[in-house]
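Colleague: Below you'll find the structure I mean.
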Amino acid sequence: MSCLHWLFALSLFQVAKRAAASQPDATDVVERAEKFRQKYWHKLQTLRQQPFAYGTLTVRSLLDTREHCLNEFNFPDPYSKVKQKENGIALKCYQSVIESLDSLGWEERQFALVKGLLAGNVFDWGAKAVSE
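Residue 577 is where the sequence shown starts when you use this note's numbering, and the numbers rise one by one after that.
And the structure:
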């Protein structure tokens, strides 16, 4: 589990930065983002010393803990602006993708759909290269 701790710790500054960027008009956003960062860092340090301090330690529990800390400092979705932007781009492509899928035979269409679903799962905003 030390690898999990390390991965989440590495992304902490990026998540705090993204949280602050999600609310550019808020006057206290930098302070709240820093408080989030400190609190979540403290929890990660506790888990490093006592892996079962908050229950079973899993990726899901680390994500839930991060979400809880974000919500505590009024960051319900630090990726909301990014999601809105990406949804707008995706909607512009929607019709041509549907037409392309409709032009395929049944077997080719199934393969293209599965390929698209898998590609969607690979697209992860937590990945360093994508988030930068």
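Using N, Cα and C, we set each Cβ at its ideal position, and we do this for glycine too.
Just so we're clear, the structure is a prediction, and the values are computed from it rather than from any experiment.
1. Is the beta carbon of residue 613 sitting closer than 9 Å to the one on residue 588?
2. According to DSSP, is residue 705 helix, strand or coil?
3. Just verifying my parser: in three-state terms, what is the DSSP assignment at residue 604?
4. Measure from the alpha carbon of residue 586 to the alpha carbon of each residue in 691, 616, 668 and 679, then state which is nearest.
5. Return the chain-ordered list of same chain residues with a C-beta closer than 8 Å to the C-beta of residue 610, the five sequence neighbours on each side being excluded.
6. Which stretch, first to last residue, makes up the alpha helix (DSSP H) that contains residue 647?
7. Please identify the residue among 693, 691, 608 and 696 whose C-alpha is closest to the C-alpha of residue 649.
8. Express the C-alpha separation of residue 679 and residue 596 in angstroms, rounding to a whole number.
Modeller: Result, derived from the coordinates:
1. yes
2. Residue placement at residue 705 is poorly supported in this model, since its pLDDT is 49, which falls under 50; the coordinates still yield a value, given next. Three-state DSSP puts residue 705 in a helix.
3. coil
4. 616
5. 592
6. 635-648
7. 608
8. 44 Å
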